[in-house]
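Novice: So that we are looking at the same thing, I have put the structure below in structure tokens.
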Ligand code: HEC
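Residue numbers (my numbering): 46 to 176.
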């Protein structure tokens, strides 16, 4: 193979593996954040809830772009892209609600927002995994 082709091929591989990384990085960050929020609510540790919420926000930002989400939908689910995109928007809204309630010490409402985030995770996974 000529050098030019080899370079082109390796550039393509790097691009593809980076795309893979975005999903894994996003999901791992959100998973860590959700665990912290749960731990925080169970142990009445507000700092942990706050920190976990920031992690979920960061992870969700990485995986909220329509084109990126669409790449990860199986072929038979591409038509569900709007529903999938909406679950990411829902998480973003829930984060705002959670943070505002936390500031106002309305912890039950904050916990409800956390539950709704968890439901949104499952909603998108149910599409992706053919649940
Ligand atoms: C918009 C769609 C979408 C949303 C919302 C979403 N995920 Fe995912 N998630 C995926 C996709 C796509 C995969 C990879 C395919 C699979 O695991 O079936 C995945 C996989 C995962 C994995 C396994 C990661 C891996 O490397 O295999 C974890 C953990 C995860 N998600 C956590 C979460 C958490 C926590 C939330 C909510 C805060 C969430 N996800 C919300 C689409 C989503």
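We put the CB at the ideal spot given by N, CA and C, even for glycine.
All values derive from a computational prediction rather than experimental measurement.
Could you have a look at residue 150 and say whether DSSP puts it in helix, strand or coil?
Specialist: Mapped onto the chain shown, residue 150 falls at position 105. Here residue 150 sits in coil by DSSP.
Novice: So residue 155 packs on residue 143, CB below 8 Å; how close in whole Å?
Specialist: On the chain shown, position 110 is the one that residue 155 refers to. On the chain shown, position 98 is the one that residue 143 refers to. Residue 155 to residue 143, Cβ: 5 Å. Contact.
Novice: State yes or no: is the C-beta of residue 118 within less than 8 Å of the C-beta of residue 133?
Specialist: Along the chain shown, one-based indexing puts residue 118 at 73. Along the chain shown, one-based indexing puts residue 133 at 88. No, the Cβ-Cβ distance between residue 118 and residue 133 is not below 8 Å.
Novice: Is residue 117 helix, strand or coil by DSSP?
Specialist: On the chain shown, position 72 is the one that residue 117 refers to. Residue 117: coil per DSSP, three-state reduction.
Novice: Give the single residue among 160, 174, 107 whose Cα lies nearest to the Cα of residue 83.
Specialist: Walking along the chain shown from the start, residue 83 turns up at place 38. Comparing Cα-Cα distances from residue 83 to each of 160, 174, 107, the minimum goes to 160.
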